[in-house]
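Colleague: Below are the structure tokens for one structure; questions will follow.
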Amino acid sequence: MLFNSLDFALFLPLVFGFYWALRNYPLRFQNAFLLLSSYVFYGWWDWRFLLLIAFSTLTDFIIGNQLSKTENKNSRRWLLVLSLIINLGILGFFKYFNFFIDNINGAFSLFGCDLSLRGLELILPVGISFYTFQTLSYTIDIYNRKISATKNIISFASFVSFFPQLVAGPIERAKHLLPQFENRRSFNREKATDGLRQILWGLFKKMVIADQCAIFVEFCFNNPTEHSGSTLALGAFFFAIQIYGDFSGYSDIAIGTSRLFGFELMKNFNFPYFSRNIAEFWRRWHISLSTWFRDYVYIPLGGSKSSKSKVVRNILIVFLISALWHGANWTFVVWGLIHALFYIPLLYLKSTRSFTNTVAEYSILPSLKESFLMIVTFLITTLAWIFFRAESVALAIEYLLAIFSKSLFSIPKFSNSLASVIALCFILFMFVVEWLARFDNYGLEKFASSWKRPYRWAFYYALIACLLYFYGNQQEFIYFQF
Amino acid sequence: MKGYLKHFFIFLLPIAIVFIGMEFLLRNIPNGYQFKSDSMQKNIQDIEVLILGNSHSFYGVNPEYLEVSAFNLSHVSQSLDIDLATLHAYLPEMNLLKKLVLRLSYDSLFEVLSETDESWRYKDYLLYTDVDLNYKITHYSEVLSVSLKENIKRLYNFYVKNNDAINCNIYGWGNDANSNLSIDLLTTGPKVAKKHTAKTNFFLSQNLKSLNDIIKLCQQNSIEVILVTLPGYNSYTKNLNEYQLKTTIETGEKMDKVFENCTYLNVLNDQRFKAEHFFDADHLNEKGAKLFSEILNTQLSQ
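The listed protein sequences derive, respectively, from chains A and B.
No gaps in the numbering here: position 312 of the first sequence is 312 in our numbering, and each next residue is one more.
No gaps in the numbering here: position 101 of the second sequence is 1101 in our numbering, and each next residue is one more.
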């Protein structure tokens, strides 16, 4: 069930109504209802996916409880290994099996040996990378004695499958989200209103910004050789905006929806395109995944408290795993390497934590230096996104070469130029709102909230009109495929 | 909680009013589906030849040039499963029906409407025809099926510019692809061929079943089926996928052999059709429709 679908527009109020109708009953009723709703939400794609998530849930619930019962180091280690094998095994099988086979075939064909191993016709279960990482963090945290195992299977299953963030995050930690299932939630009007506002902003970013950009992105990436360098450069810019609008929009809807049910999810995006270097970008982009890798890969490898060469190695490993997490394709590996390439020099310059504050902290507009740094960072990320979007590394290179041609200085040409100008106006509007909100949690948190009700509502109606105006061109969320 | 819900409903009220108003206005715009359904119902007892299919037959077969009473019930992007549902819906009332002309296009066996970008057309069947289809709940509403942008255009075209959305004549032939508006044949050919080429043969078995069911249903009712592959301009036909085209043609030939009540007419590369007969690379214009309908008429009279 997509957030930007009518199915969800009917599903959400129904679940909301029943959920709060159960508020005077024992907590387990509300949790059981949330679990049921989450399974309906997930099973809407394909009911067979439910078998996998139920299996992962049961596995980690049992292993978590076994871990908390035993003090024997060896047993604990084996239990953790078992959890890792099962979870990563399922993920690896569905996500990387065919990639692996293709590469074996490719490698052998280099030596003239035609293995012709056949891949399997697998359907990648939606959101498998997200909930696998969420359940893994639970087991690892119990192993590290950071949390204790829950005895309540309903709470745990609800935590794993919580529908707002099930298919594309934020990837929550048990320490943060699980206790919220184990404590009574009370309805909070301000929180719920704020949640609705955040959903509205998320939908705007997805349906108005990302889905409009998608049209031009497809136009450019489908036949890069047919377009001028300037058109392709604008196409790459549109993709940078599309993926941001798409994914941060999803996160806003997820966080807003959770707030309607009395839950608080972690912030997943913190206006990443206002970053002044790549290190800052990664503190602001897909925060739940970056911190996951920091806590469960980077730090266990030694983090930054090792020699320079080891830190570089750790960084490379994290970017490589992060790249492969996004998909089984060499394009993602190159995307990760480009980021690593721009990140590693910052280590040597000791600049990874140069910008821990928010840009233009004491002024309305950024300084020239800040503007320059933001533009450079944005250009680097946009360059890397070309590899992320292209179907193969060769096509990405072809796209890049086509950009850097004489026609780079011509006027960009799209099949519908007016629509591209309208899209650019909406993008500008989004950036203005987000710039003003750069100290807040999301774009609309305070924007317009101090206006008188008629103006405020008129503004919201205008946003809704935009959503409806572009409804019908809706596309799936990009991050669902991961 | 009550206060919150009250405010929320007050907030939604203007949206609901606009929604209902738009739905009412949109449904009152005369459209091809409604018009065809009504025209069909008027003469349903007299129809001897029924034409079913997608835009190829919608624009390519003009019943005016057929010597018997005929009706073209093709619609743009109509797939075989909908042809079957259409036949089920109208067959009980068609007492004189003797022949069914069914297009077998290059994409017919490889696509179903519900899985294409045109799936919003389901609402036209559900709202304006007697065809019983089971699809998404959104397709019971004009507003929810099409983007606001398109709906505003439709409202403007009808209520301001007074242009209705009826794109066919009283015999169901699509008359809005005329030669004055013809589109560049050379550039559209490869593009449309690519669009019509399926990435997988996922829907092949489903479509073969629908095709078999249609022919069997006709057999049970003593109705002859004429499968037709309509002409395409060479910029289109040259760019078709060999496997997909071969599968299509072989299926037509197989049906011709297997079923006594079925014949197959393939004029995809018929040299009688020149550039002047095409609206675009895969659709005939009014001249092309006349020529093809005359060829079909000869076939029907055999």
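Each residue gets a CB set at the ideal place from its N, CA and C atoms; glycine is no exception.
Against chain B, does residue 353 (chain A) count as a neighbour if the rule is that its beta carbon must be under 9 angstroms from one of theirs?
Modeller: Not one chain B Cβ lies under 9 angstroms of residue 353 (chain A).
Colleague: Our contact map puts residue 1299 (chain B) next to residue 1215 (chain B) with C-beta atoms below 8 angstroms; I'd like the distance itself, whole angstroms only.
Modeller: The pair is not a contact, with the Cβ atoms about 17 angstroms apart (cut-off 8 angstroms).
Colleague: Which residues in chain B sit within 7 angstroms of residue 145 (chain A), going by Cβ to Cβ distance?
Modeller: The contacting residues do not exist; residue 145 (chain A) stays about 40 angstroms from chain B at best.
Colleague: Less than 9 angstroms separating the beta-carbons of residue 214 (chain A) and residue 386 (chain A)?
Modeller: no
Colleague: Strictly below 7 angstroms CB to CB, what residues from chain A border residue 1015 (chain B)?
Modeller: What residue 1015 (chain B) touches in chain A: 464.
Colleague: Assuming residue 207 (chain A) and residue 460 (chain A) form a contact by the criterion Cβ under 8 angstroms, report the distance between their Cβ atoms to the nearest whole angstrom.
Modeller: In fact, because the Cβ distance is near 15 angstroms, the residues do not count as touching under 8 angstroms.
Colleague: Just to confirm the assignment, what range does the beta strand (DSSP E) spanning residue 102 (chain A) have?
Modeller: It is not in any beta strand (DSSP E) - residue 102 (chain A) instead sits in the alpha helix (DSSP H) that spans 73-110.
Colleague: Please report how far the alpha carbon of residue 464 (chain A) lies from the alpha carbon of residue 166 (chain A), in whole angstroms.
Modeller: Going from the Cα of residue 464 (chain A) to the Cα of residue 166 (chain A) covers about 25 angstroms.
Colleague: Kindly indicate the opening and closing residues of the beta strand (DSSP E) around residue 1099 (chain B).
Modeller: 1099-1103 is the extent of the beta strand (DSSP E) around residue 1099 (chain B).
Colleague: Any idea if residue 12 (chain A) is buried or exposed, counting beta-carbon neighbours within 10 angstroms, 16 or more meaning buried?
Modeller: buried
Colleague: Assuming contact is defined by CB atoms lying nearer than 9 angstroms, are residue 197 (chain A) and residue 405 (chain A) in contact in what I supplied?
Modeller: no
Colleague: From the beta carbon of residue 1047 (chain B), is the nearest beta carbon of chain A less than 9 angstroms away?
Modeller: no
Colleague: Show which residues of chain A have a CB atom less than 8 angstroms away from the CB atom of residue 1011 (chain B).
Modeller: 457, 460
Colleague: Rounded to whole angstroms, what is the Cα-Cα separation between residue 427 (chain A) and residue 238 (chain A)?
Modeller: 9 angstroms
Colleague: Around the Cβ of residue 1277 (chain B), are there at least 16 other Cβ atoms within 10 angstroms (buried) or fewer (exposed)?
Modeller: Sixteen is the threshold: when 16 or more other Cβ atoms of the shown chains lie within 10 Å of the Cβ of residue 1277 (chain B), as they do, the residue is buried.
Colleague: In three-state DSSP terms, what is residue 1278 (chain B)?
Modeller: strand
Colleague: Mind checking if residue 1001 (chain B) is an interface residue toward chain A, Cβ cutoff 9 angstroms exclusive?
Modeller: yes
Colleague: Whole angstroms is fine: what's the gap from residue 1146 (chain B)'s alpha carbon to residue 1010 (chain B)'s?
Modeller: 26 angstroms
Colleague: According to DSSP, is residue 280 (chain A) part of a helix, a strand, or is it coil?
Modeller: For residue 280 (chain A), the secondary structure class from DSSP, reduced to helix, strand or coil, is helix.
Colleague: Output yes if chain A places a C-beta closer than 9 angstroms to the C-beta of residue 1110 (chain B); else output no.
Modeller: no
Colleague: Output the distance between the C-alpha atoms of residue 27 (chain A) and residue 80 (chain A), rounded to the nearest integer angstrom.
Modeller: 30 angstroms
Colleague: So is residue 1007 (chain B) buried or exposed if we call it buried at 16+ other beta carbons inside 10 Å?
Modeller: exposed
Colleague: Nearest chain B C-beta to residue 193 (chain A) closer than 9 angstroms, yes or no?
Modeller: So yes, residue 193 (chain A) belongs to the interface.
Colleague: Measure the C-alpha to C-alpha separation of residue 113 (chain A) and residue 120 (chain A) and round it to an integer number of angstroms.
Modeller: Annotation: residue 113 (chain A) to residue 120 (chain A) spans about 21 angstroms, alpha carbon to alpha carbon.
Colleague: Since residue 20 (chain A) meets chain B, which of its residues come closer than 9 angstroms, beta carbon to beta carbon?
Modeller: 1001
Colleague: May I ask you to verify whether the segment 1267-1282 of chain B touches the segment 1220-1239 of chain B, counting CB pairs closer than 8 angstroms and requiring at least 3?
Modeller: Enough Cβ pairs lie closer than 8 angstroms, so yes.
Colleague: Relative to the C-alpha of residue 148 (chain A), which residue among A:44, A:124, A:172, A:178 is closest?
Modeller: Checking every option, the nearest Cα to that of residue 148 (chain A) belongs to A:178.
Colleague: What residues of chain A sit near residue 1330 (chain B), judged by a beta carbon separation below 7 angstroms?
Modeller: What is shown of chain B runs 1001 to 1302, which leaves residue 1330 (chain B) out entirely.
Colleague: Taking Cβ-Cβ distances shorter than 7 angstroms, what residues in chain B pair up with residue 187 (chain A)?
Modeller: 1001
Colleague: Run through DSSP, which three-state label would residue 1226 (chain B) get?
Modeller: Of the three classes helix, strand and coil, the one that applies to residue 1226 (chain B) here is strand, per DSSP.
Colleague: Flag residue 307 (chain A) as yes when its Cβ comes closer than 8 angstroms to any non-hydrogen atom of the ligand GDP, and as no otherwise.
Modeller: Ligands displayed in this structure: none; no statement on the ligand GDP is therefore possible.
Colleague: Does the distance from the CB of residue 398 (chain A) to the CB of residue 266 (chain A) come in under 9 angstroms?
Modeller: no
Colleague: Assuming residue 441 (chain A) and residue 203 (chain A) are in contact, meaning their beta carbons sit under 8 angstroms apart, how far apart are those beta carbons, in whole angstroms?
Modeller: Incorrect: roughly 17 angstroms between the Cβ atoms, too far for contact.
Colleague: What are the residues that DSSP puts in a beta bridge with residue 1165 (chain B)?
Modeller: According to DSSP, residue 1165 (chain B) bridges with B:1031.
Colleague: What is the DSSP secondary structure of residue 1174 (chain B), reduced to helix, strand or coil?
Modeller: strand
Colleague: Measuring only between beta-carbons, confirm whether residue 27 (chain A) sits less than 9 angstroms from chain B.
Modeller: no
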